[in-house]
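Following: one structure in structure tokens, then a few remarks.
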Amino acid sequence: FVVANREVIRELRALRRLMLRYAPLNDQRTAAFFLSLGHYDSLLRRARETFRQRWLELRDALNHYLPTAIVSTPAKGGTAYWVRGSEGLDVGALAEEAARRGILIEPVGHYYAGDDAAPRNCFRMGITNLPLDMIRPGVARLAALIREAGPEAPVRLEDAGGEWLTGDALKCALSGARLLHRTIYGDPCTIDLMPDGRMVGKAGHQDEDCDSGRWWVEGELWFRQWRTWSWGERAGFYTVIDGDHIKWFNSRRVLVDSAVLQRAVAR
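The numbering of the sequence shown is this note's numbering, which starts it at 8 and goes up by one.
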């Protein structure tokens, strides 16, 4: 497709006619039948829904496995995500090692006019040829690799500061609390922890993405389980409260997420 002055278009058409003549008439007639019978519209609808499912799966997987390690360019659709890691992340080395492990990411230097303008800690992840069921495990392996290769040492529970709460003290601290944070793609997210164990989450600038679930405490761990968010899976975390911040640590006692904590919200 070319957008230009009429004179340019006229000359380009003449050049094309001299160089290539015309597309074969049988090809043109086949394409015309394909369009007139509605197959092209059906193809676009199927492709749009397929890409939408993959795009959301990639978005949710990045947000689930790498909430403290990356940010993503805010977007509402497309076939790729632009992802930015910490300042010292070497995307070139990361891409090479990821490829050896069967994960393909794309450094973005060739999208910029010069090497100095390109962010060295940024890469793209596309979904055009990626089966839906491969997205989540691939992102999980990529997250492990980023934590291994990242320039910053992971924050461990023993070095977190604040107060590590367990049992009844943890339950009392979170009962009726509200948690505020942002997704990796920039949307605000609010989670209300009801005293009766219910949990309500709202994400987006107009609360367009909502879910509910339950939370509870077992011994040293705080547990949560959403209906659909995080694939509806049960997950438990060690929990540290540091002033007005809450920090969650996985079974290896490594920081995996954090939020602003508002206690005892009136309802």
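Note that CB positions come from ideal geometry on N, CA and C, so glycine has one too. Quantities reported herein were computed from a predicted structural model and do not represent experimental measurements.
| query | Is Arg61 near Leu137, with beta carbons less than 8 Å apart? | reply | Yes, they are a contact pair.
| said: Taking only three categories from DSSP, how would you classify Leu200? | reply: In this structure, Leu200 counts as strand in the three-state DSSP scheme.
| Where in the stretch 148-218 do unbroken runs of the beta strand (DSSP E), each at least 3 residues long, occur, reported from the N-terminal end onward? | Here the runs fully enclosed are 170-172, 185-189, 195-200 and 205-210.
| How would you call Pro202, buried or exposed, if buried means at least 16 neighbouring beta carbons within 10 angstroms? | With fewer than 16 other Cβ atoms within 10 Å, it is exposed.
| message | Residues in the same chain with beta-carbon distance under 7 Å from Met132, minus the five sequence neighbours each way, listed in chain order, please. | response | Excluding positions up to five away in sequence, the list reads Leu65, Ala87, Tyr88, Val90 and Ile112.
| Hey, out of Val267, Ala76, Gln269 and Val261, whose CA is closest to Val146's CA? | Nearest in C-alpha terms to Val146, of all of Val267, Ala76, Gln269 and Val261, is Ala76.
| query | Looking only at C-alpha atoms, which of Tyr72, Pro195, Thr135 and Trp233 sits nearest to Gln213? | reply | Minimum Cα distance to Gln213 is reached at Pro195.
| Going straight from the alpha carbon of Gln35 to that of Ala21, what length do you get? | Near 19 Å, if we compare the C-alpha coordinates of Ala21 and Gln35.
| request: Could you pull the start and end residues of the beta strand (DSSP E) that Leu228 belongs to? | output: Leu228 to Trp233 is the extent of the beta strand (DSSP E) around Leu228.
| query | Identify the residues that DSSP records as bridge partners of Val247: which are they? | reply | The partner list for Val247 (beta bridge, DSSP) reads Trp171 and Lys254.
| Neighbour-count burial assignment, Ala70, 16 or more Cβ in a 10 Å radius | Before going on, a small fix: residue 70 reads as Asn here, not Ala. Here Asn70 is buried. Its C-beta has 16 or more other C-beta atoms within 10 Å.
| field | Glu298 to Arg148 span [Cα, whole Å] | value | This structure cannot settle anything about residue 298, because the visible part of the chain is limited to 8 through 274.
| said: Measuring only the C-alpha atoms, how far is Ala125 from Gly95? | reply: Approximately 14 Å between the Cα atoms of the pair.
| task | Using beta-carbon positions only, say whether Asp166 and Arg185 come within less than 8 Å of one another. | result | In terms of Cβ geometry, Asp166 and Arg185 do not form a close pair [threshold 8 Å].
| message | Can you look up Val9 in the DSSP assignment and give me helix, strand or coil? | response | Here Val9 sits in coil by DSSP.
| said: Let me confirm a value: Gly193 is counted as buried when at least 16 other C-beta atoms fall within 10 Å, else exposed. Which label applies? | reply: Per the 10 Å Cβ criterion, exposed.
| said: Going by DSSP in three states, Asp276 sits in which element: helix, strand or coil? | reply: Within the shown structure, residues of the chain are numbered from 8 to 274, placing residue 276 beyond reach of any answer.
| According to DSSP, which residues form a beta bridge with Met132? | Met132 is bridged by DSSP to Tyr88.
| query | Nearest CA to the CA of Ser93: which residue from Gly239, Glu159 and Gly250? | reply | Minimum Cα distance to Ser93 is reached at Glu159.
| said: Which residues does DSSP list as the beta-bridge partners of Ala242? | reply: According to DSSP, residue pairing for Ala242 in a beta bridge involves Arg231.
| query | Exposed or buried, what is Lys83 when buried is set at 16 or more other beta-carbons lying within 10 Å of its beta-carbon? | reply | Result: exposed.
| field | Coil, strand or helix - Pro114 by DSSP | value | DSSP places Pro114 in strand when its eight states are reduced to three.
| field | Buried or exposed (CB count within 10 angstroms, at least 16 for buried), Ser79 | value | Per the 10 Å Cβ criterion, buried.
| said: Whole angstroms are fine: how far does the CA of Gly220 sit from the CA of Trp236? | reply: One C-alpha to the other measures close to 9 Å.
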